[in-house]
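Start counting the sequence shown at 0; every next residue gets the next number (numbering that gives the first Met the number 0).
Only one structure is covered here, and it is reproduced in the block below.
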Amino acid sequence: MFTAGNDLDDFRARATDENPEPSAGLAFIESLMDCDTPVIAAVEGLAIGIGTTLLLHVDVVVAAQSAKFKTAFVDLGLVPEAASTVTMPLHLGSRRATDLLLLGVVINGNDAKECG
Numbered sequence: 000m001f002t003a004g005n006d007l008d009d010f011r012a013r014a015t016d017e018n019p020e021p022s023a024g025l026a027f028i029e030s031l032m033d034c035d036t037p038v039i040a041a042v043e044g045l046a047i048g049i050g051t052t053l054l055l056h057v058d059v060v061v062a063a064q065s066a067k068f069k070t071a072f073v074d075l076g077l078v079p080e081a082a083s084t085v086t087m088p089l090h091l092g093s094r095r096a097t098d099l100l101l102l103g104v105v106i107n108g109n110d111a112k113e114c115g
């Protein structure tokens, strides 16, 4: 598994905290965006939620045929994170991005390769 996504208990704790700490997941994505060194991600198995989102911010993604990419925003009633509503259509095209972001469709490694 590449990643199971964000810690939902962290979401709950942050929702009730008057001064929440910055999200560790989003801080990691910001680090990726600021990284001067090329970043290569290798994905095998599940890339759920932020695991799919972070891939939009690396330089190269290598995915096994067994890879499965899913954003869980619609399932959890959340707004997409880390500029994914902008970056995903740029990488995958607007129709495939809509499938992932708004419909919660799962795509596999072959589907991702076809999207570029």
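Just so you know, even glycine gets a beta-carbon here, dropped at the ideal spot from N, CA and C.
Quick one: what's got a C-beta closer than 6 Å to L77's C-beta in the same chain, skipping five residues either side?
What you label residue 77 is simply residue 78 of the sequence shown in a count that begins at 1. So no residue of the chain qualifies.
Would you mind sorting R28 into buried or exposed? The rule is 16 or more other CB atoms within 10 Å of its CB.
Counting from one through the sequence shown, the residue named residue 28 turns up at place 29. With the sequence shown as reference, residue 28 is identified as Ile, and Arg is not the correct amino acid for it. Label assigned to I28: buried.
I need the DSSP call for L77, collapsed to helix, strand or coil.
Here residue 77 corresponds to residue number 78 of the sequence shown, with the count starting at 1. Coil, per DSSP.
If we count Cβ pairs, one from each stretch, closer than 8 Å, do we get three or more for the region 78–95 versus the region 33–45?
no
Over what stretch of residues does the beta strand (DSSP E) that includes L25 continue unbroken?
Start at 1 with the first residue of the sequence shown, and residue 25 comes out as number 26. It is not in any beta strand (DSSP E) - L25 instead sits in the alpha helix (DSSP H) that spans A23 to D33.
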